[in-house]
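One structure is given here, and the rest of the page talks about it.
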Amino acid sequence: MSSLVVPPALLRWVAGIDVAAAAGSPAVAVPDHAITLLLRSDKRELIVMGPRTRAGYHVSAPGHSCVRVRMRPGRAQALLGRPLRDLADRTLPLRELPGLDVDHFAADPIAALEEALAGRPEPPDRLEEAARLLAGATVATTAARLHISERRLYTLFTDGTGLSPKNFARIDRVRTVLAADAGRWSDIAATAGYYDQSHMTAEFRHFMGVPPAAFTAGRRPAATPCTA
Numbered sequence: 528m529s530s531l532v533v534p535p536a537l538l539r540w541v542a543g544i545d546v547a548a549a550a551g552s553p554a555v556a557v558p559d560h561a562i563t564l565l566l567r568s569d570k571r572e573l574i575v576m577g578p579r580t581r582a583g584y585h586v587s588a589p590g591h592s593c594v595r596v597r598m599r600p601g602r603a604q605a606l607l608g609r610p611l612r613d614l615a616d617r618t619l620p621l622r623e624l625p626g627l628d629v630d631h632f633a634a635d636p637i638a639a640l641e642e643a644l645a646g647r648p649e650p651p652d653r654l655e656e657a658a659r660l661l662a663g664a665t666v667a668t669t670a671a672r673l674h675i676s677e678r679r680l681y682t683l684f685t686d687g688t689g690l691s692p693k694n695f696a697r698i699d700r701v702r703t704v705l706a707a708d709a710g711r712w713s714d715i716a717a718t719a720g721y722y723d724q725s726h727m728t729a730e731f732r733h734f735m736g737v738p739p740a741a742f743t744a745g746r747r748p749a750a751t752p753c754t755a
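Mind the numbering: the sequence shown is residues 528 to 755 in the working numbering, read in order.
Listed below in structure tokens is the structure:
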């Protein structure tokens with residue numbers, strides 16, 4: 528997998544773009560609170576992937592490649608023109624995305640996205656601000672800091688990300704553990720915002736299927752064929 532350099536103008540919309548090729552070896556799709564746009568080279572079909580609430584262990588037939596665009600919180604809602612509350616753990620084909628040419632997107636993802644997003648009004652930053660606050664605070668505290676009710680915060684997240692604020696934060700924490708450098712598990716738990724190491728272990732097992740030590744050692748669930 529290779530990551531593309533996202534120009535500043537696109538960073539307002541996109542968290543990352545990568546091009547991945549199936550190698551025929553087991554791969555892990557980690558939990559993710561982002562909405563992802565995906566284009567497979569063999570099908571030339573644009574797909575929107577909702578937030579993923581469990582890790583997936585799969586193996587794909589070698590030869591296929593895909594372009595994946597991970598959207599920033601709230602941006603996919605504006606791009607797709609619809610609330611995202613029903614997209615968690617779902618993959619849906621897009622008949623079209625106004626302004627985005629599929630063949631151009633396959634050949635040059637950066638240029639195609641720049642053209643598709645040119646002139647579009649940028650959505651408000653409130654959801655991104657809420658996501659940043661939620662990384663280090665409770666739902667109640669986050670709502671209070673934004674001067675909105677917890678109910679309004681819930682609607683903001685479910686419409687803009689497809690997840691409740693609580694589940695968004697839980698996935699964010701497990702992704703922090705996955706990205707952590709080697710170290711004491713108790714220290715990693717504290718950095719990620721867990722109450723203690725046992726809390727981290729239980730949450731990690733919930734999302735990844737195995738405890739963090741087993742995952743790091745390569746003792747993972749068996750991979751199944753990828754059918755997407």
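Just so it is clear, CB atoms sit at the ideal spot from N, CA and C, and this is done for glycine as well.
Which of the three DSSP states is assigned to residue i in this structure?
{"i": "serine 530", "result": "strand"}
{"i": "arginine 567", "result": "strand"}
{"i": "glycine 601", "result": "coil"}
{"i": "alanine 554", "result": "strand"}
{"i": "threonine 665", "result": "coil"}
{"i": "serine 592", "result": "strand"}
{"i": "aspartate 635", "result": "coil"}
{"i": "threonine 751", "result": "strand"}
{"i": "arginine 612", "result": "coil"}
{"i": "arginine 647", "result": "coil"}
{"i": "aspartate 699", "result": "helix"}
{"i": "arginine 746", "result": "coil"}
{"i": "arginine 659", "result": "helix"}
{"i": "aspartate 628", "result": "coil"}
{"i": "aspartate 714", "result": "helix"}
Assign residue i to one of two classes, buried (16 or more other C-beta atoms within 10 Å of its C-beta) or exposed (fewer than that).
{"i": "serine 587", "result": "buried"}
{"i": "histidine 560", "result": "buried"}
{"i": "arginine 672", "result": "exposed"}
{"i": "glycine 687", "result": "buried"}
{"i": "valine 532", "result": "exposed"}
{"i": "leucine 619", "result": "exposed"}
{"i": "alanine 667", "result": "exposed"}
{"i": "glycine 577", "result": "buried"}
{"i": "arginine 602", "result": "buried"}
{"i": "glutamate 572", "result": "exposed"}
{"i": "alanine 548", "result": "exposed"}
{"i": "threonine 751", "result": "exposed"}
{"i": "leucine 564", "result": "buried"}
Which residue marks the beginning of the beta strand (DSSP E) containing residue i, and which one marks its end?
{"i": "histidine 585", "result": "583-586"}
{"i": "glycine 543", "result": "541-548"}
{"i": "proline 620", "result": "618-620"}
Just reading off the alpha helix (DSSP H) that residue i is part of, what are its end residues?
{"i": "leucine 573", "result": "Where leucine 573 is concerned, there is no enclosing alpha helix (DSSP H), although the beta strand (DSSP E) it sits in stretches over 572-576."}
{"i": "tyrosine 681", "result": "677-688"}
Could you check which residue in the options has the C-alpha nearest to that of residue i?
{"i": "leucine 660", "options": "Met735, Pro600, Thr743, Ala582", "result": "Pro600"}
{"i": "serine 530", "options": "Phe731, Arg732, Ile637", "result": "Ile637"}
{"i": "arginine 700", "options": "Ala556, Ser592, Tyr721", "result": "Tyr721"}
{"i": "proline 651", "options": "Ala536, Pro535, Trp540, Val629", "result": "Trp540"}
{"i": "leucine 606", "options": "Leu614, Asp616, Gly626, Phe742", "result": "Gly626"}
{"i": "lysine 570", "options": "Gly710, Leu621, Arg711", "result": "Leu621"}
{"i": "histidine 585", "options": "Ala706, Ala716, Ala729, Ala556", "result": "Ala556"}
Residue i: beta carbon under 7 angstroms from a heavy atom of the ligand PLP?
{"i": "arginine 597", "result": "Questions concerning the ligand PLP fall outside what the structure shown contains, since it holds no ligand whatsoever."}
From residue i to residue j, what does the alpha carbon distance come to, in whole angstroms?
{"i": "valine 575", "j": "arginine 678", "result": "27 angstroms"}
{"i": "alanine 658", "j": "alanine 634", "result": "33 angstroms"}
{"i": "glutamate 642", "j": "glutamine 604", "result": "18 angstroms"}
{"i": "alanine 749", "j": "proline 739", "result": "16 angstroms"}
{"i": "proline 648", "j": "glutamate 655", "result": "16 angstroms"}
{"i": "threonine 580", "j": "threonine 703", "result": "15 angstroms"}
{"i": "leucine 683", "j": "asparagine 694", "result": "13 angstroms"}
{"i": "glycine 689", "j": "alanine 536", "result": "25 angstroms"}
{"i": "threonine 665", "j": "isoleucine 544", "result": "30 angstroms"}
{"i": "isoleucine 562", "j": "leucine 640", "result": "15 angstroms"}
{"i": "glycine 646", "j": "serine 552", "result": "41 angstroms"}
{"i": "glycine 608", "j": "glycine 710", "result": "43 angstroms"}
{"i": "arginine 757", "j": "valine 546", "result": "Coverage of the chain is limited to positions 528 through 755, which leaves residue 757 absent and any answer about it impossible."}
{"i": "threonine 669", "j": "arginine 697", "result": "14 angstroms"}
With a threshold of 8 angstroms between beta-carbons, can residue i be considered close to chain E, or not?
{"i": "glutamate 730", "result": "Of the protein chains in the structure, only one exists, and it is not chain E."}
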